[in-house]
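Visitor: This is the structure I have questions about; it appears just below.
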Amino acid sequence: MKKLDKLVIKSFIGPFVLTFFIAQFVLVMQFLWKYVDDLVGKGLSTGVLLELLMYASARLVPLALPLAVLLASIMTYGSLGEHYELTAVKSAGISLLRFMRALIVTVIGVSIFAFVFSNNILPMANLKFGALLYDIRHQKPTVALKPNIFYSGINGFFIKVDSKDDETNTLYNLTIYDHTSGKGNDHVITAEKGHMTQDEDAMALSLQLYNGKQYKEIDPKDPQQKPAYEMMSTSFKSWEKRFDLSQFKLQRTDENFFKDLKQMLDLKQLQAGIDTIMIEEKNLVDGLKQSLTQYTNMQKFGLDTLKPIAAGQSFAKVDELIAPYDQAKRLEIMDRALNKARNIKNFTDVTAKQLHYKEKEHTSYTIEMFRKFTLSVACIVLFFIGAPLGSIIRKGGLGWPLFYSVLFFILYHVTSITGEKLTENEVLTPFGGMWLSTFILLPIGLFLTMKAANDSKLFSFDYYMKAFKRRATGGKTKIA
């Protein structure tokens, strides 16, 4: 490896690692903003939250890599151009493509890593993330008593307090309705004051009640008679009421329930799923053909409606077919034919809906298959936008490079989402929809590479200002 290649790789690695982690951080913050309502108030441990963030970060790697490649390539070649190193290289007779050769090989390696990651690690991360997020979403919130509002989060109990001291966890004027007997409001507890403590290890909530009363209805001794229920009332100065909080513990679902989702499959499994769908579609079509043959058979009346027509002959008319029969038999034949026609229509409609569903499922599997390739190819395409763009603008740092990176990444992301939606809506084929962003950005990258190789001042603000001033004074200018 020549010193020139080492120089450009060394200049690229630092910005690439930095921008990758910045992109990861921004995307993770976006994830937290999206799912904050599902996480707040659940009493989740730090370990569970870190586990969720780890899986979420892994899912975002294929999206952060193209952005990091784009921004790092603009910063690298922009900095080299700003410090006249790019000018010195070109003065030595070295072309831009030769100067980009080392990074082209590096980015191809990054693209291969992105594909391997998407095919092997990403499905597992999606599985872990999906299962854990499902459990968190179905997790009950922690006990949060609010003044003058009945709290029903604990099964079988309704608790109401008039006021609450959050610093000391002291509750005032409590009313507790115990419905664990299943007979309505047969057990009521009131207290002037209470102190709440929660034991997370034992999964229990303890309420130390003071100066209260307890009202409870007692079942009649003889269930055959219907006497008035007896009421038992007791008073207490201090009494402890404990609640079981095991229902608030995070229950982990078996991951096997999620492993068949398309996002959790690798290429081999996706292809197996597509083959299965194609077999099911063929079985539906074959079943339709057999059913139509049975439904259209009228040989009971001596009418072979499936008999092939000889060349030069036309189909016989209905009146001619049923002419040999009497009126009653004709009505029976017509009624039987109408019933068969209705059955054929209903069966055909049902089969058509099943085939449409299978086709959409086939499309969704194909989308996931192409996604593994498009995200990795995007690294190469965005590099061929970033590298020539950096050599044209000749600005390093995070100023203009960040602006152009965000601009082109938004274009890439919007076209990717648009292509996927158009595919799902059956406007585009899976191939056309999933590769739409590549078809749009690749010509832009080739155009910028050509302009950069010819030392174009396409994005030079100073160049356009000087050209405008010369034109304003009557001079002529040459367009790059």
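Quick note on numbering: the working numbering labels position 203 of the sequence shown as 316, and the sequence is numbered without any gaps. Note that CB positions come from ideal geometry on N, CA and C, so glycine has one too.
As a quick exercise: from H308, E343, K329, pick the residue whose alpha carbon is nearest that of W352.
Guide: Comparing Cα positions, the closest option is H308.
Visitor: Tell me whether the region 179-194 and the region 515-530 touch, counting them as touching only if at least three CB pairs, one residue from each stretch, are closer than 8 Å.
Guide: A contact exists between the region 179-194 and the region 515-530.
Visitor: By Cβ distance, which residues of its chain are closer than 8 Å to N232, with the 5 residues on each side in sequence left out?
Guide: For N232, where only same-chain residues beyond five positions count, the Cβ hits under 8 Å are D379, L380, K485.
Visitor: If you run the structure through DSSP and keep just helix, strand and coil, what is R355?
Guide: In this structure, R355 counts as strand in the three-state DSSP scheme.
Visitor: State the Cα-Cα distance for the pair V463 and G400, rounded to the nearest angstrom.
Guide: C-alpha separation (whole angstroms): 12 Å.
Visitor: For chain D, find out if any of its Cβ atoms is closer than 8 Å to the Cβ of L549; answer yes or no.
Guide: Protein chain content of the structure displayed is limited to a single chain, and chain D is not contained in it.
Visitor: In the DSSP assignment, what residue or residues form a beta bridge with K273?
Guide: Looking at the DSSP assignment, K273 forms a beta bridge with T288.
Visitor: Going residue by residue through the region 137-178, where are the continuous beta strand (DSSP E) segments of at least 3 residues, counting only ones entirely within it?
Guide: Segments of the beta strand (DSSP E) lying fully in the region 137-178: there are none.
Visitor: What residues are listed by DSSP as bridge partners for G307?
Guide: In the DSSP output, where bridge partners are listed per residue, G307 has L284, L322.
Visitor: List the whole-angstrom C-beta distance separating K508 from E280, where the pair is believed to meet the contact cut-off of C-beta under 8 Å.
Guide: With 8 Å as the limit, K508 and E280 do not qualify as a contact, their Cβ atoms being about 54 Å apart.
Visitor: DSSP on Y247, reduced to helix/strand/coil?
Guide: Correct three-state label for Y247: helix.
Visitor: Apart from the five residues just before and just after T347, which ones in its own chain have a Cβ nearer than 6 Å to its Cβ?
Guide: Contacts found: Q327.
Visitor: Which of the three DSSP states is assigned to Y328 in this structure?
Guide: Y328: strand per DSSP, three-state reduction.
Visitor: Using CA atoms only, rank isn't needed, just tell me which of K534, G269, L216, S504 is closest to A201.
Guide: Checked all of K534, G269, L216, S504; the closest Cα to A201 is S504.
Visitor: Check Y264 in the structure and name its three-state DSSP category.
Guide: Looking at Y264 - three-state DSSP - the assignment turns out to be strand.
Visitor: So does the region 544-556 actually touch the region 214-221, counting three or more Cβ pairs closer than 8 Å?
Guide: The region 544-556 is not in contact with the region 214-221.
Visitor: Quick check on I207: does DSSP put it in helix, strand or coil?
Guide: Coil at I207, not helix or strand.
Visitor: Under three-state DSSP, which class holds H300?
Guide: Residue state, collapsed to three classes: strand.
Visitor: Taking M563 as the reference, which of F228, L209, F129 has the closest Cα?
Guide: Ranking F228, L209, F129 by Cα distance to M563 puts L209 first.
Visitor: With C-beta atoms as the reference, is F270 less than 8 Å away from Y285?
Guide: No, they are not a contact pair.
Visitor: Among the candidates Y264, I302, Q376, whose CA atom is the shortest distance from the CA of N239?
Guide: Nearest C-alpha to N239: Q376.
Visitor: Out of F497, M482, A500, G499, point me to the one whose CA is closest to E533's CA.
Guide: With distances taken between Cα atoms, E533 lies closest to M482.
Visitor: Can you give the beta carbon distance from I390 to H475, rounded, assuming they're within the 8 Å contact cut?
Guide: Confirmed, Cβ separation roughly 5 Å.
Visitor: Taking L235 and A171 to be in contact with their CB atoms under 8 Å, please state how far apart those CB atoms are, rounded to whole angstroms.
Guide: Contact holds; Cβ gap of about 7 Å.
Visitor: When you compare the CB positions of V141 and L173, do they come within less than 8 Å of one another, or not?
Guide: It is a contact, given that the beta carbons lie within the stated cut-off.
Visitor: Is E75 helix, strand or coil when you go by DSSP?
Guide: Residue 75 is absent from the model: the chain starts at 114 and stops at 593.
Visitor: Going along the chain, which residues of its own chain have a beta-carbon closer than 7 Å to the beta-carbon of A565, five neighbours each way excluded?
Guide: The answer, listed in chain order, is L209, P501, S504, I505.
Visitor: Following the continuous alpha helix (DSSP H) through K502, name the residue where it begins and the one where it ends.
Guide: Note that residue 502 is Leu in the sequence shown, not Lys. 440-506 is the extent of the alpha helix (DSSP H) around L502.
Visitor: Find the nearest neighbour of G266 within the set V223, L318, I221, judged by alpha-carbon distance.
Guide: It is L318 whose Cα lies nearest to the Cα of G266.
Visitor: Between which residues of its own chain and E445 is the CB-CB distance below 6 Å, once the five residues before and five after are set aside?
Guide: Excluding sequence neighbours, E445 sits near nothing in its chain.
Visitor: Pull up the CB-CB distance for G325 and F349, whole angstroms please, since I reckon it's below 8 Å.
Guide: That belief holds up - the Cβ atoms of G325 and F349 are roughly 6 Å apart, short of 8 Å.
Visitor: Since F242 and Y168 should fall inside the 8 Å C-beta cutoff, what is the C-beta to C-beta distance between them, to a whole number of angstroms?
Guide: So it is a contact: roughly 4 Å between Cβ atoms.
Visitor: Kindly list the residues whose CB is nearer than 7 Å to the CB of I493, restricted to its own chain and excluding five residues on each side of it in sequence; keep chain order.
Guide: Excluding positions up to five away in sequence, the list reads V220, I221, S224.
Visitor: Please report the distance separating the alpha-carbon of A227 from that of L131.
Guide: Roughly 17 Å between the two C-alpha positions.
Visitor: Specify the secondary structure class of A424 as computed by DSSP and reduced to three states.
Guide: With a pLDDT of 47 at A424, under the threshold of 50, the modelled position of this residue cannot be trusted; read the value that follows with caution. Coil at A424, not helix or strand.
Visitor: Would DSSP call D399 helix, strand or coil?
Guide: Helix at D399.
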